[in-house]
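One structure below.
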Amino acid sequence: MRGTRHRSRAVQPTRQGLPDRHARRANQALIDLIGTVAARKNITVAQVALAWLLAQKPWIVPIPGTRKLERLEENIGAADVAFTPADLTNSTPPPRRSRSRAPATPSRWNA
Numbered sequence: 001m002r003g004t005r006h007r008s009r010a011v012q013p014t015r016q017g018l019p020d021r022h023a024r025r026a027n028q029a030l031i032d033l034i035g036t037v038a039a040r041k042n043i044t045v046a047q048v049a050l051a052w053l054l055a056q057k058p059w060i061v062p063i064p065g066t067r068k069l070e071r072l073e074e075n076i077g078a079a080d081v082a083f084t085p086a087d088l089t090n091s092t093p094p095p096r097r098s099r100s101r102a103p104a105t106p107s108r109w110n111a
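Per the UniProt record's numbering, the sequence shown starts with residue 1, numbered consecutively.
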């Protein structure tokens, strides 16, 4: 969720059969919205996602994993992000999310 994948990027042949490529296209509006918030607040897309989770109910606790120190620092920085009530209850409804669906038979993944 770093916002580094771009919609114009060609699908790699090794990933063509995986079920998420259609969901990625359908979810692009949501990704664009998160990117807009990140640009407005001068933070990363990952920080927006983590900060949004932290702003939800107190029992929702994200557990991000990382192997790089710079990503750990980025994740920690999400705790300092403040959203206004308007940020959290945007006047426009959020774009509809699309979930990836697996093929009827998993053997098609390996075709």
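All residues carry an ideal CB built from backbone N, CA and C; glycine is no exception.
Where residue i sits in the DSSP three-state scheme
i, result
"residue 85", "helix"
"residue 77", "helix"
C-alpha gap between residue i and residue j, whole angstroms
i, j, result
"residue 25", "residue 82", "29 Å"
"residue 53", "residue 61", "7 Å"
"residue 59", "residue 28", "28 Å"
"residue 48", "residue 65", "16 Å"
"residue 70", "residue 57", "27 Å"
"residue 23", "residue 30", "11 Å"
"residue 40", "residue 74", "17 Å"
"residue 35", "residue 84", "17 Å"
"residue 42", "residue 67", "24 Å"
"residue 72", "residue 89", "28 Å"
Reference residue i; option with closest CA among the options
i, options, result
"residue 32", "79, 45, 52", "45"
"residue 80", "55, 37, 23", "55"
"residue 78", "63, 23, 85", "63"
"residue 51", "40, 70, 76", "76"
"residue 87", "23, 73, 37", "37"
For the stretch 16-69, which segments carrying the alpha helix (DSSP H) assignment without a break, of at least 4 residues, lie completely within its bounds, in sequence order?
-> 20-26, 28-41, 45-54
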